[in-house]
């Protein structure tokens, strides 16, 4: 539970922006009809079915749109990630709430550890000093006989070079089996994928490009950046990918994606296109990511795979595409997104070293954007405060409406997060809150808590819920109920 969670499910993208519009009732659009062999759907995307569990090769693949991931930003502990600013972010939501939907490109959701089936948890470990890191490479010197200055390496050369470094990731959860993709980052078996590919997995299997399969352990995951690291124990050495510098990408240059769209039966599929845009800010699940946009085809199952530049270097981890479901009859094609490898590097390196990203600041609240009918009060009403957060003992109360942080108005949760972005755990914030019980503005100083310390269920949450139930409902009231949420 943290302050990146905006629990206002009725908020539209417009109401999260700079200009306020009256909130609308959510209109969750129903997904397209699927084959009878589909798995239980997560709130984020439809997992791709592994063929071993349902022999339905004759059935056409009915992939649903898949949502994109959380805010992507490189981590250098203890400083939280910094996001490049490039104008107003595109705000896209789930279902039919937004004008369009950005959805994960396949895979089932999982967590930090893998259950072995005997009640114990499996984690990967390595000795300090022996841990690999993502190595970014400069533009390579290429043989002019096999290289086009404008177009780069031929597609077949890129496939030969990169395909051995791309794997299929098969995750089994309590609700079924799904698959995604991964990129081999080291010869000894460290693999990068998306968090949503392996979240809540009870077991994870990795299939190499030659069909060899290995059981994998989850080294660490980071929901905020939608990145995860797996570890396999290969019999020999694996073919590690060559990583490029995503900051050097230019819109218009050739790009390729390799992954397993549609599941492992289509493993190591290559698609090609262009870099459509760089530093594209997109809001999904109330989090902002700065992503690479490409028209190389990305589909369910591509999640965690590679976006490749014209030199055959991995420059991004494919994560999402734009869905057409929000456009009604209109179709949307060629709008895929990838996490820049320069962004992923800091997170991946820390996941390998620690199993999590340290130093990320959190107030420790959940809340909802509210505004009075006359517009005199606008801010984030606090729904809950984690008992482990420092703010819980520093005067902040459930029901308070945070209207400003450090003197800057914060009408939305995004505005609060933008201020926190350049801070770290342990720093202090001055919150201006409207207190319902007194009808007055109050200034509070609270200390930011390391978000990692707030992972998992708040130990006081269950007793609070019981207390609320016995008291006949919530401990606070919305002062703007006539206006709506």
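Numbering (this note's numbering), first residue to last: 122 to 606. C-beta atoms are modelled at their ideal positions from N, C-alpha and C, and glycine is treated no differently. As the structure is a computational prediction, the values presented were derived from the model and not from experiment.
In the DSSP assignment, what residue or residues form a beta bridge with residue i?
i           : result
residue 461 : 437
residue 351 : 312, 339
residue 522 : 502, 555
residue 377 : 393, 429
residue 424 : According to DSSP, which records beta bridges pairwise, residue 424 is partnered with nothing at all.
residue 483 : 570
residue 564 : 553
residue 253 : In DSSP, residue 253 forms no bridge with anything.
residue 269 : 273
residue 580 : Looking at the DSSP assignment, residue 580 forms no beta bridge with any residue, so it has no partner.
residue 398 : 414
For residue i, is the classification buried or exposed, using 16 other Cβ atoms within 10 angstroms of its Cβ as the cut-off for buried?
i           : result
residue 502 : buried
residue 530 : exposed
residue 414 : buried
residue 431 : buried
residue 336 : exposed
residue 497 : exposed
residue 328 : buried
residue 514 : exposed
residue 382 : buried
residue 281 : exposed
residue 422 : buried
residue 189 : Bear in mind that a pLDDT of 33 at residue 189, under 50, signals an unreliable position, so the number given afterwards is only what the model happens to contain. Label assigned to residue 189: buried.
residue 367 : buried
residue 578 : exposed
residue 376 : buried
Quick check: the Cα distance between residue i and residue j, rounded to an integer number of angstroms?
i           : j           : result
residue 562 : residue 555 : 4 Å
residue 147 : residue 340 : Reliability of the predicted coordinates at residue 147 is poor, the pLDDT of 37 falling under 50, and the value obtained from them is presented with this limitation in mind. Rounded to the nearest angstrom, the two C-alpha atoms are 37 Å apart.
residue 296 : residue 440 : 22 Å
residue 567 : residue 516 : 8 Å
residue 506 : residue 316 : 26 Å
residue 465 : residue 438 : 8 Å
residue 373 : residue 418 : 15 Å
residue 443 : residue 397 : 13 Å
residue 400 : residue 359 : 32 Å
residue 546 : residue 476 : 18 Å
residue 324 : residue 251 : 26 Å
residue 490 : residue 478 : 27 Å
residue 483 : residue 348 : 19 Å
residue 455 : residue 379 : 15 Å
residue 416 : residue 346 : 22 Å
residue 540 : residue 576 : 22 Å
residue 260 : residue 279 : 14 Å
residue 273 : residue 534 : 43 Å
residue 333 : residue 293 : 18 Å
residue 356 : residue 427 : 24 Å
residue 574 : residue 299 : 30 Å
residue 306 : residue 544 : 30 Å
residue 463 : residue 404 : 20 Å
residue 353 : residue 322 : 16 Å
residue 518 : residue 504 : 9 Å
residue 384 : residue 492 : 45 Å
residue 558 : residue 536 : 25 Å
residue 286 : residue 342 : 20 Å
residue 275 : residue 330 : 20 Å
What residue range does the alpha helix (DSSP H) around residue i cover?
i           : result
residue 490 : Residue 490 -> not in any alpha helix (DSSP H); beta strand (DSSP E) instead, spanning 486-492.
residue 78  : One cannot answer for residue 78 here, as it falls past the ends of the chain, which runs 122 to 606.
residue 276 : 276-283
residue 538 : 534-541
Of the choices the options, whose alpha-carbon is the least far from that of residue i?
i           : options            : result
residue 549 : 571, 497, 560      : 571
residue 538 : 465, 498, 521, 485 : 485
residue 253 : 524, 536, 558, 474 : 474
residue 311 : 569, 403, 469, 410 : 469
residue 391 : 269, 288, 272      : 288
residue 303 : 294, 326, 541      : 326
residue 291 : 403, 318, 357      : 318
residue 472 : 351, 536, 308      : 351
residue 434 : 527, 461, 457, 480 : 461
residue 525 : 508, 560, 504, 500 : 500
residue 361 : 308, 395, 510, 331 : 308
residue 411 : 459, 257, 370, 523 : 459
residue 565 : 258, 511, 262, 580 : 511
Over what stretch of residues does the beta strand (DSSP E) that includes residue i continue unbroken?
i           : result
residue 413 : 408-415
residue 327 : 324-328
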